[in-house]
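Chains A and B, in that order, give the protein sequences.
Positions 0 to 70 (numbering that gives the first Met the number 0) are the ones given, in order, by the first sequence.
Positions 0 to 242 (numbering that gives the first Met the number 0) are the ones given, in order, by the second sequence.
Every residue, glycine too, gets a C-beta built ideally from N, C-alpha and C.
Here the structure is a predicted model, which is why all the values come from computation and not from measurement.
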Amino acid sequence: MSLMLEYMDGGSLQDIVEDGGCSDETTLANISVQALKGLQFMHENKQIHRDIKPGNCKLSTNVSVLDILLH
Amino acid sequence: MKVSDLGIAKQLNEATMFKAKSFVGTTNYMAPEKIDGKEYSFPSDVWSFGLSIMTVALGRLPIESHGSYWTVLHSIRDAPPPSLPDSFSKEFRDFIGQCLKRNPDDRVSVNNLLQHQFLKKTVVEDLASNQNYDRGKQELISILDAVHTHIKALLRDAKGRDSDQSDDSRGDLRPVYDRLFGDLLRCHSAEVMRNLFFPAPDTEHNKRVVRPRLNNLGKQLHLPMDRVETEARKYIEGLHRDR
Chain A
0 MSLMLEYMDG GSLQDIVEDG GCSDETTLAN ISVQALKGLQ FMHENKQIHR
50 DIKPGNCKLS TNVSVLDILL H
Chain B
0 MKVSDLGIAK QLNEATMFKA KSFVGTTNYM APEKIDGKEY SFPSDVWSFG
50 LSIMTVALGR LPIESHGSYW TVLHSIRDAP PPSLPDSFSK EFRDFIGQCL
100 KRNPDDRVSV NNLLQHQFLK KTVVEDLASN QNYDRGKQEL ISILDAVHTH
150 IKALLRDAKG RDSDQSDDSR GDLRPVYDRL FGDLLRCHSA EVMRNLFFPA
200 PDTEHNKRVV RPRLNNLGKQ LHLPMDRVET EARKYIEGLH RDR
């Protein structure tokens with residue numbers, strides 16, 4: 000299996016938690032949609048992530064859908 | 000944003016019935032069924048996702064994370080699932096609540112979660128953050144300003160020509176000009192603006208030219224279509240008031 004990962008320059012959700020969190024629901028919904036799309040991709044491909052946590056949700060400055068390629 | 004750390008992701012096949020039985024994952028975000036050593040499946044990811052988003056919202060993990068390893072595990076397993084305070088919207092609380100059902104069979108799937116009401120209301124703003132939204136709105140206003148200035152100049156020019164019958168050099172262009180602008184020459188610039196941006200909704204011109212154009216403008220400015228319309232209407236109403 001090989002992985003192609005995009006360079007993520009925006010830190011992770013853990014950074015937001017450590018900065019005191021984010022109570023803005025629009026932002027939370029946007030984050031949720033993106034994380035869920037990544038998760039949807041995995042689940043559709045019969046993969047369980049098993050370690051979803053804020054530190055594993057990376058942010059990029061320009062948002063796009065997960066593009067991890069699994070062979 | 001992406002989901003990463005696939006180091007322990009496990010390939011599942013029909014034989015394992017999409018269930019795996021090994022003990023991995025960060026303890027604090029672990030679903031209750033994992034702690035009991037039960038088989039876990041896709042719903043376990045949903046629990047961890049819900050708890051992660053809740054942690055981001057609160058700025059702290061909403062479960063007892065101090066104390067010994069087993070204290071933490073037992074509190075995840077035995078305490079009622081954490082819930083958000085009333086300061087958050089009903090939709091968001093339900094969204095998280097659907098993820099944090101103790102019984103994995105009761106938990107919502109990722110596909111259904113993507114359809115949740117909480118995400119619906121923000122689809123509009125999915126294109127851009129609030130900061131970008133303000134910038135987009137400013138850009139839209141300056142575009143409208145530029146269009147309006149241009150129209151005013153055209154009208155001034157056309158009206159001047161209308162009254163100046165002796166100008167033979169431009170006489171040839173009169174029919175062309177009339178066909179292009181027609182009655183608009185007798186209109187105020189605000190009305191021309193309105194005809195330009197909001198022609199009668201059921202005309203072919205509106206469907207084929209104006210709507211797609213407004214749509215493209217919205218995309219360029221990272222503004223949702225309905226916002227472009229609202230702002231343009233507001234602007235044009237302002238012009239009418241200023242007459």
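Helix, strand or coil for residue i? Go by DSSP, reduced to three states.
i	result
K57(A)	strand
I51(A)	coil
Q137(B)	helix
S86(B)	coil
S47(B)	helix
Q39(A)	helix
S11(A)	strand
D125(B)	Note that D125(B) scores a pLDDT of 47, beneath 50, so its modelled location is shaky; the value from the coordinates is reported in the next line. D125(B): helix per DSSP, three-state reduction.
Tell me which residue opens and which closes the alpha helix (DSSP H) that residue i is part of.
i	result
P248(B)	Since the first residue shown for chain B is 0 and the last is 242, residue 248(B) is missing from the structure and cannot be characterised.
V209(B)	From DSSP, V209(B) is part of no alpha helix (DSSP H); its letter is neither H nor E.
M29(B)	Note, M29(B): premise wrong, no alpha helix (DSSP H); not H, not E.
K119(B)	Q116 to K119
F197(B)	That residue, F197(B), is in no alpha helix (DSSP H); it is neither H nor E in DSSP.
L67(B)	For clarity, residue 67(B) is Ser in the given sequence; the question names Leu instead. Unbroken run through S67(B): none, as it is neither H nor E.
V109(B)	V109 to L112
Determine the burial state of residue i: buried for a count of at least 16 other Cβ atoms within 10 Å of its Cβ, exposed for fewer.
i	result
Q19(A)	Reading off the sequence, residue 19(A) comes out as Gly, not Gln. Flag for G19(A) reads exposed.
Y68(B)	exposed
T229(B)	exposed
E203(B)	exposed
N102(B)	exposed
E43(A)	exposed
Q33(A)	buried
T54(B)	buried
R106(B)	buried
N110(B)	exposed
R232(B)	exposed
H115(B)	buried
K260(B)	Lying outside 0 to 242, the shown extent of chain B, residue 260(B) is not represented and no answer is given.
E236(B)	exposed
G36(B)	exposed
K20(B)	Any reading at K20(B) is ruled out, since the residue's pLDDT is 43, under 50, leaving its predicted position unreliable.
A199(B)	exposed
Check distances from the C-beta atoms of the region 53–73 of chain B to those of chain A and list, in chain order, the residues that come in under 9 Å. Along the region 53–73 of chain B, going in chain order, the ones with a CB nearer than 9 Å to a CB of chain A are T54, V55, A56, L57, G58, R59 and L60.
Which residues of the region 18–32 of chain A have a Cβ closer than 9 Å to any Cβ of chain B? Give them in chain order. Listed in sequence order: D18, G19, G20, C21, S22, D23, E24, T25, T26, L27, A28, N29, I30, S31 and V32.
Can you confirm whether the region 130–141 of chain B touches the region 55–74 of chain B when touching is taken to mean that 3 or more C-beta pairs between the two stretches lie within less than 8 Å? Counting C-beta pairs with one atom in each stretch, the region 55–74 of chain B and the region 130–141 of chain B have fewer than three that are closer than 8 Å, which means they do not touch.
Is the region 42–54 of chain A touching the region 89–106 of chain B, taking contact as three or more C-beta pairs under 8 Å? The answer is no - the region 89–106 of chain B does not touch the region 42–54 of chain A, with fewer than three Cβ pairs under 8 Å.
Please determine if the region 214–230 of chain B and the region 139–149 of chain B are in contact, where contact requires at least 3 C-beta pairs separated by less than 8 Å. Yes, they touch.
Taking a cut of 7 Å between CB atoms, which residues from the region 102–122 of chain B lie near chain A? Answer in chain order: V109, N110, L112, L113, F117, L118 and T121.
Three CB pairs or more closer than 8 Å across the region 96–113 of chain B and the region 44–55 of chain B: The region 96–113 of chain B vs the region 44–55 of chain B: in contact.
Quick test of the definition: if touching needs 3 or more C-beta pairs under 8 Å, does the region 26–33 of chain B touch the region 23–31 of chain A? No, they do not touch.
Using Cβ-Cβ distances below 8 Å, what residues of the region 27–42 of chain B are close to chain A? Answer in chain order: N27, Y28, Y39, S40 and F41.
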